[in-house]
Amino acid sequence: MSEQPGVVVTPPHLIGDSIKRHVEATLGTIPPGKGHVAELSITLESGVNVAYAARIHDGPRAGEWDVVAYVGKNWNGPIQGGVNVRWIK
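For the sequence shown, the positions run -7 to 81 when my numbering is used.
Pasting the structure below:
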């Protein structure tokens, strides 16, 4: 984990599969051709964390989303309140 004052950036391999599945499903709700960058809020039992994703524009994965950062102090516990997404452009 990378730690700055008050912020922990968690490597994706330490995020639970169920959280990743929720994040990926939520990214799938963004209409095709919409959004280049997405910010997701994930409400867990322990609080609200965020993830940032970027749309891939080239190569065989063009059009797919790539989660580039998970930010939060505690990723333990089940999702409560879901995953919300806001995208840019």
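Ideal Cβ positions, reconstructed from N, Cα and C, are used throughout, including at glycine. Every value quoted in this text rests on a predicted model; they were computed, and no experiment measured them.
Closer than 9 Å to chain D by CB, residue i
i: leucine 6; result: Protein chains in the displayed structure number just one, and chain D is not present.
Residue from the options with nearest C-alpha to residue i
i: tryptophan 79; options: Tyr62, Val60, Ser10, Ala45; result: Ala45
i: arginine 47; options: Ala30, Val63, Ala61; result: Ala30
i: alanine 43; options: Val63, Thr35, Asp58, Lys26; result: Val63
i: valine 77; options: Asp58, Val60, Thr21, Leu6; result: Thr21
For residue j and residue i, the rounded distance between their alpha carbons
i: glycine 55; j: glutamine 72; result: 29 Å
i: proline 24; j: proline 52; result: 16 Å
i: histidine 84; j: alanine 17; result: With the chain represented from -7 up to 81, any question about residue 84 goes unanswered, as that position is not in the structure.
i: valine 75; j: lysine 65; result: 17 Å
i: serine 38; j: tryptophan 67; result: 7 Å
Bridge partner(s) assigned by DSSP for residue i
i: aspartate 58; result: Ala46
i: glutamate 31; result: Tyr44, Arg78
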